[in-house]
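Q:
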Amino acid sequence: MANLWGGRFTEATDASAYRFNQSISFDSRMYAEDIEGSMAHAEMLGKQGIISEEDSLQIIEGLKGIREDIDAGRLQISEEAEDIHSFVESVLTERIGAAGKKLHTGRSRNDQVALDMKLYTRKQIRAADAELKKLQEALLAIMEENTETYMPGFTHLQKAQPVTLAHHMGAYFEMFIRDRQRLADIYERMDLCPLGAGALAGTTYGLDREMTASLLDFKGGPTRNSMDSVSDRDYLIEFLAALSVIMMHLSRFSEEIIIWNSNEYRFIEIDDRYSTGSSIMPQKKNPDIAELVRGKTGRVYGALMSLLTTMKGIPLAYDKDMQEDKEVSFDAMDNVKDCIREFTGMMATVSFNKDVMEESARRGFTNATDAADYLVKKGVPFRDAHSVVGRLVLKCVDRGIALDDLTIDEYKTESAVFEEDIYDAISMKTCVEKRLTKGAPGRAQMLENIEYYKKYLEE
Ligand code: ARG
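In terms of the numbering used here, the sequence shown is residues 1192 to 1650.
1. By the 10 Å Cβ neighbour count, where 16 or more other Cβ atoms means buried, how is residue 1312 classified, buried or exposed?
2. Please say whether residue 1459 and residue 1405 have beta carbons closer to each other than 8 Å?
3. Candidates 1397, 1328, 1326, 1231: which alpha carbon is nearest residue 1652's?
4. Pull the bridge partners of residue 1350 from the DSSP assignment, please.
5. With C-beta atoms as the reference, is residue 1552 less than 8 Å away from residue 1350?
6. State the Cα-Cα distance for the pair residue 1535 and residue 1557, rounded to the nearest angstrom.
7. Please classify residue 1301: does DSSP put it in a helix, a strand, or coil?
8. Please classify residue 1341 as buried or exposed, where buried requires at least 16 neighbouring CB atoms within 10 angstroms.
9. Smallest Cα separation from residue 1435: which of 1639, 1447, 1492?
10. Using the Cα positions of residue 1387 and residue 1288, report the straight-line distance between them to the nearest angstrom.
11. Tell me the rounded alpha-carbon separation between residue 1257 and residue 1281.
12. Compute the distance between the beta-carbons of residue 1296 and residue 1251, then report whether it is under 8 Å.
13. Which term fits residue 1625, buried or exposed, when burial requires 16 or more other beta carbons within 10 angstroms of its beta carbon?
14. Which class does residue 1409 belong to by DSSP, given the choice of helix, strand or coil?
15. Rounded to a whole number of angstroms, what is the C-alpha to C-alpha distance between residue 1574 and residue 1620?
16. Can you list the alpha helix (DSSP H) stretches of 4 or more residues lying completely in the segment 1414 to 1446, in chain order?
17. Assign residue 1205 to buried or exposed, taking buried as 16 or more other Cβ atoms, counted over all protein chains shown, within 10 Å of its Cβ.
18. To the nearest angstrom, how far is the alpha carbon of residue 1371 from that of residue 1649?
19. I'd like the list of long-range same chain contacts for residue 1420, defined as Cβ closer than 7 Å, with 5 residues on each side in sequence excluded.
20. For residue 1412, tell me which candidate among 1383, 1395, 1418, 1358 has the shortest Cα-Cα distance.
21. Any heavy atom of the ligand ARG closer than 7 Å to the Cβ of residue 1304?
22. Helix or strand or just coil, what does DSSP make of residue 1268?
23. Give every residue of the same chain whose Cβ lies closer than 7 Å to the Cβ of residue 1518, excluding the five residues on either side of it in the sequence, and list them in chain order.
24. Report all residues from its chain with a CB closer than 6 Å to the CB of residue 1478; omit the five preceding and five following residues, and keep chain order.
25. Assess contact between the segment 1425 to 1435 and the segment 1504 to 1524, defined as three or more Cβ pairs (one per stretch) separated by less than 8 Å. Is contact present?
26. Could you check if residue 1244 is buried or exposed, using at least 16 other CB atoms within 10 Å of its CB as the buried criterion?
27. Helix, strand or coil: how does DSSP classify residue 1459 here?
28. Can the beta-carbon of residue 1354 be found less than 8 Å from the beta-carbon of residue 1584?
29. Below 8 Å on the Cβ atoms is my contact criterion, and I expect residue 1310 with residue 1228 to pass it. Report the Cβ-Cβ distance as a whole number of Å.
30. State yes or no: is the C-beta of residue 1194 nearer than 7 Å to some heavy atom of the ligand ARG?
31. Does at least one heavy atom of the ligand ARG sit under 7 Å from the Cβ of residue 1445?
32. Less than 8 Å between C-beta atoms, sequence neighbours within five positions excluded: which residues of the same chain meet that for residue 1466?
33. How many Å lie between residue 1338 and residue 1358 at the Cα?
34. In chain order, which continuous runs of the alpha helix (DSSP H) of length 4 or greater are located wholly inside the segment 1556 to 1631?
35. Compare the Cα-Cα distances from residue 1394 to each of 1275, 1614, 1418, 1630 and report the closest residue.
36. My assumption, with CB atoms under 8 Å, is that residue 1276 sits in contact with residue 1320. Please give the rounded CB distance.
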């Protein structure tokens, strides 16, 4: 396949240098965006009288046919083309003749690739957002069923105070709200069309850049500086940063799922459909999906570091280094979508051992603060109450029992203030239900949040 720039050359590119230089092996996935951009460009060229209306229509029809044929598998993207832009243009010219050669009037591959990448990224932002929304729906379903499922809340991975499963899931729901906000912010900031910037300095043709921007649905209109237009990959770096934060959240979540699923915790059981076995140990049922999500996080951070580093030394405007934006970004985009989807499937099918969770909270002294608060409410200074309950905990630890297993006489040996109502005051239910400050796990408060999340998901 002939390349687009043979004129000033007397020798063909060295075969292995050609392979090194090509991008068709990875940019072919942008064929639909490349064609979409070219159709808008051709329509504008025709309307402006830069090419004839007839040529413009022929080009648009030709491009439509190419897209349909690639979609349907009737046209294979040749591995021999230099890049997707060359491939589409050469097939077009093959099919419609002379008019095809006019498509590139007033355009460079530099503004073309800048556009294609933006169009592609924009779709990927929407796709990642849609996956996150499904994950939030799965979490909300768990929350609605578990406003009274008590479990230990942890600090330092030591049992701290009782919370509910709904509250714990709600924490992740909030993280994914912020992740989706970040995606929306990036989308808005990148919503300017680079087409018409040319190689770097605009063109001498009377292009209507407002028109192509609006045909391609860029709300912010055309970009303002042609040099920046062809060399800006900020939006991609921002997207990789947002994807990295999503992965950081999923990785933390995965870590908890792995711990909760362990033989020691037994808080949950991951469904057979989302577990795998061992080739040697017949008893094993491993949380591979969660582990892979945690593992792939490094790879997504890597993509961010890679592109930041690629961009840091590039003089204005376009340099070929920027072709390196694609493979790492595509890999990150694919993997993050896969991770969110598989994680959602795993969460939607996991079973919660509610009794084990509550028993773990009860036996883990998560109600010790509440026992101290009980004394405070009866007039004991907090520091004294803290020390009384500390001594009671020590007794329990020695005997391997929980605070609510102590008899009332044993309570009274440490403080005469204790009465029978201590048992109710330190039940898991009371401990949680009394936590009603905004954002706390108490049921009334949690139900308010659930209402808020439902409305949020409807919008
Ligand atoms: N494959 C190139 C890229 O991905 C397309 C732009 C080529 N432009 C150029 N002047 N060689 O960046």
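Using N, Cα and C, we set each Cβ at its ideal position, and we do this for glycine too. Note that the structure is predicted; figures quoted are calculated from it, not measured.
A: Taking the definition as stated:
1. For the purposes of this step, residue 1312 is identified with residue 121 of the sequence shown, where counting begins at 1. It counts as buried.
2. Here residue 1405 corresponds to residue number 214 of the sequence shown, with the count starting at 1. Here residue 1459 corresponds to residue number 268 of the sequence shown, with the count starting at 1. Cβ distance not < 8 Å, so residue 1405 and residue 1459 don't count as in contact.
3. Residue 1652 lies beyond the stretch modelled for the chain, which goes from 1192 to 1650, so this question has no answer here.
4. Residue 1350 sits at position 159 when you count from the first residue of the sequence shown. Per DSSP, 1345.
5. Indexing the sequence shown from 1 puts residue 1552 at position 361. Indexing the sequence shown from 1 puts residue 1350 at position 159. Result yes, Cβ atoms of residue 1552 and residue 1350 sit closer than 8 Å.
6. To locate residue 1535, count along the sequence shown from 1; it is residue 344. To locate residue 1557, count along the sequence shown from 1; it is residue 366. Those two C-alpha atoms are separated by around 30 Å.
7. Translated into the one-based positions of the sequence shown, residue 1301 becomes position 110. Helix.
8. As a working note, residue 1341 is residue 150 in the sequence shown. Under this definition residue 1341 is a buried residue.
9. Residue 1435 sits at position 244 when you count from the first residue of the sequence shown. Answer by Cα proximity: 1492.
10. Within the sequence shown, residue 1387 is the residue found at index 196, counting from 1. Within the sequence shown, residue 1288 is the residue found at index 97, counting from 1. Rounded to the nearest angstrom, the two C-alpha atoms are 24 Å apart.
11. Within the sequence shown, residue 1257 is the residue found at index 66, counting from 1. Within the sequence shown, residue 1281 is the residue found at index 90, counting from 1. Rounded to whole angstroms, residue 1257 to residue 1281 spans 11 Å at the Cα level.
12. Taking the sequence shown and counting its residues from 1, the one referred to as residue 1296 is at position 105. Taking the sequence shown and counting its residues from 1, the one referred to as residue 1251 is at position 60. No, they are not a contact pair.
13. Indexing the sequence shown from 1 puts residue 1625 at position 434. Residue 1625 sits exposed, since fewer than 16 C-beta atoms from the chains shown fall within 10 Å of its C-beta.
14. Counting from one through the sequence shown, the residue named residue 1409 turns up at place 218. If DSSP states are grouped into helix, strand and coil, residue 1409 belongs with coil.
15. Here residue 1574 refers to the residue found at position 383 of the sequence shown. Here residue 1620 refers to the residue found at position 429 of the sequence shown. Going by C-alpha positions, residue 1574 is about 25 Å away from residue 1620.
16. Within the segment 1414 to 1446, the runs of alpha helix (DSSP H) at least 4 residues long that lie entirely inside it are, in chain order, 1417 to 1422.
17. Indexing the sequence shown from 1 puts residue 1205 at position 14. Result: exposed.
18. The sequence position of residue 1371 within the sequence shown is 180, counting from 1. The sequence position of residue 1649 within the sequence shown is 458, counting from 1. So the alpha carbons of these two residues sit roughly 14 Å apart.
19. As a first step, residue 1420 must be located in the sequence shown, where it is residue number 229. Excluding residues within five positions, the ones whose Cβ falls inside 7 Å are 1302, 1305, 1385, 1388, 1414.
20. Against the sequence shown, residue 1412 aligns to sequence position 221. With distances taken between Cα atoms, residue 1412 lies closest to 1383.
21. Within the sequence shown, the letter at position 113 stands for residue 1304. Taking 7 Å as the cut-off, one finds at least one heavy atom of the ligand ARG near enough to the beta carbon of residue 1304.
22. By 1-based counting over the sequence shown, the position of residue 1268 is 77. Annotated three-state conformation of residue 1268 is coil, per DSSP.
23. For the purposes of this step, residue 1518 is taken as the residue at position 327 of the sequence shown. Hits under 7 Å: 1217.
24. For the purposes of this step, residue 1478 is taken as residue 287 along the sequence shown, with counting starting at 1. For residue 1478, where only same-chain residues beyond five positions count, the Cβ hits under 6 Å are 1449, 1452, 1461.
25. yes
26. Position 53 of the sequence shown holds residue 1244. Residue 1244 comes out exposed.
27. Here residue 1459 corresponds to residue number 268 of the sequence shown, with the count starting at 1. Strand.
28. Position 163 of the sequence shown holds residue 1354. Position 393 of the sequence shown holds residue 1584. Taking 8 Å as the Cβ cut-off, residue 1354 and residue 1584 do not qualify as a contacting pair.
29. Counting from 1 along the sequence shown, the entry for residue 1310 is found at position 119. Counting from 1 along the sequence shown, the entry for residue 1228 is found at position 37. Contact holds; Cβ gap of about 6 Å.
30. Numbered from 1 along the sequence shown, position 3 holds the residue referred to as residue 1194. No, the Cβ of residue 1194 stays beyond 7 Å of every heavy atom of the ligand ARG.
31. Position 254 of the sequence shown, counting from 1, holds the residue named residue 1445. Checking every heavy atom of the ligand ARG against the Cβ of residue 1445, none is found closer than 7 Å.
32. Along the sequence shown, read from residue 1 onward, the residue named residue 1466 stands at position 275. For residue 1466, where only same-chain residues beyond five positions count, the Cβ hits under 8 Å are 1476, 1477, 1478, 1479, 1480.
33. Reading the sequence shown from its first residue, position 147 is the one you call residue 1338. Reading the sequence shown from its first residue, position 167 is the one you call residue 1358. Going from the Cα of residue 1338 to the Cα of residue 1358 covers about 7 Å.
34. Correct list: 1559 to 1568, 1573 to 1590, 1599 to 1605, 1613 to 1616, 1619 to 1624.
35. Locating residue 1394 in the sequence shown gives position 203, counting from the first residue. For residue 1394, the nearest C-alpha among the options comes from 1418.
36. By 1-based counting over the sequence shown, the position of residue 1276 is 85. By 1-based counting over the sequence shown, the position of residue 1320 is 129. So it is not a contact: roughly 28 Å between Cβ atoms.
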